[in-house]
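Engineer: Got a structure here, written out as structure tokens. Questions coming.
In full-length UniProt numbering, the protein residues as written are 1 to 218.
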């Protein structure tokens, strides 16, 4: 009867100083899609910044819709007042999110499932894929504006531009920030002494509480 061998002892991933994890050559130490604590933090960093930017741009679009509706249809108070209030609320909500991303370290846990483009190219593609049919559908309710007095064509173009801007806010903006998350997080570490000091200390004591995931590279 063959004798079974004892299981190999568990080994934690190697601990390295933060400077080594951030070195340009460190990215070649593992697959670029392999998860690490720094990469999870970078993704959460990009998601937070993308959400803040999306809310700000979407708020601007809603305020623009309110102003244009006030000029084109001053009698439709409910529409432009509601759009204006929602726009201001979205823009206002974006500021604490953005400020937090400039001063606080993001979560180290893997990002929850999110439905968003993951880079600028996919964000632009989704903007076009959704924007074109949406623009075609929007033509029918907007077509009467072409005969809405002297400025009807200008109102028509204005609403179309706002529709396009909304698609950009929802898809292109978050996709861009998620796609540049690692680069932006590296810059955040380099320009913020307190978060960098916390990461330097953590890089020497890191133990993944759930899986055998290394601290870096980024």
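C-beta atoms are modelled at their ideal positions from N, C-alpha and C, and glycine is treated no differently.
Grab the span of the alpha helix (DSSP H) containing residue 149 for me, first residue to last.
Structural biologist: Unbroken run through residue 149: none, as it is neither H nor E.
Engineer: Buried or exposed: residue 57, going by 16 or more other Cβ atoms within 10 Å of its Cβ?
Structural biologist: Buried, because 16 or more other Cβ atoms sit within 10 Å of the Cβ of residue 57.
Engineer: Keeping to the same chain, check which residues put their C-beta closer than 7 Å to that of residue 106; ignore five residues upstream and five downstream.
Structural biologist: Contacts found: 41, 44, 45 and 48.
Engineer: List the endpoints of the continuous alpha helix (DSSP H) containing residue 117.
Structural biologist: No alpha helix (DSSP H) holds residue 117; DSSP gives it neither H nor E.
Engineer: Compute the Euclidean distance between the alpha carbons of residue 92 and residue 51, then round it to the nearest angstrom.
Structural biologist: Cα to Cα, residue 92 sits roughly 13 Å from residue 51.
Engineer: Tell me where the alpha helix (DSSP H) around residue 198 begins and ends.
Structural biologist: That run of the alpha helix (DSSP H) goes 193-203.
Engineer: Quick check: the Cα distance between residue 5 and residue 188, rounded to an integer number of angstroms?
Structural biologist: In this prediction, residue 5 has a pLDDT of 49, which is less than 50 and means its spatial position is unreliable; nothing more can be read from the coordinates.
Engineer: Starting from residue 29, trace the alpha helix (DSSP H) both ways and give me its first and last residue.
Structural biologist: Run containing residue 29: none; DSSP gives neither H nor E here.
Engineer: With distances taken from CA atoms, which of 85, 202 and 204 is nearest residue 61?
Structural biologist: Minimum Cα distance to residue 61 is reached at 85.
Engineer: Starting from residue 19 and walking both ways along the alpha helix (DSSP H), at which residues does that stretch end?
Structural biologist: Taken as a continuous stretch (DSSP letters only), the alpha helix (DSSP H) holding residue 19 covers 18-22.
Engineer: Could you give the DSSP three-state label for residue 214: helix, strand or coil?
Structural biologist: If DSSP states are grouped into helix, strand and coil, residue 214 belongs with coil.
Engineer: Which of the three DSSP states is assigned to residue 82 in this structure?
Structural biologist: In this structure, residue 82 counts as helix in the three-state DSSP scheme.
Engineer: How many angstroms separate the CA atom of residue 151 from the CA atom of residue 143?
Structural biologist: Their Cα atoms are separated by approximately 13 Å.
Engineer: Counting only the same chain and skipping the five closest in sequence on each side, list residues whose C-beta sits under 7 Å from that of residue 21.
Structural biologist: Here the set comprises 38, 203, 215, 216, 217 and 218.
Engineer: If I follow the unbroken alpha helix (DSSP H) through residue 174, where does it start and stop?
Structural biologist: Note, residue 174: alpha helix (DSSP H), 173-179.
Engineer: Please tell me whether residue 213 and residue 35 are closer than 8 Å, where the distance is taken between their beta carbons.
Structural biologist: Contact flag set, yes.
Engineer: If you drop the 5 nearest sequence neighbours on each side, which residues of the same chain put their C-beta closer than 6 Å to that of residue 90?
Structural biologist: The residues are 55, 58 and 59.
Engineer: So residue 174 packs on residue 123, CB below 8 Å; how close in whole Å?
Structural biologist: Confirmed, Cβ separation roughly 7 Å.
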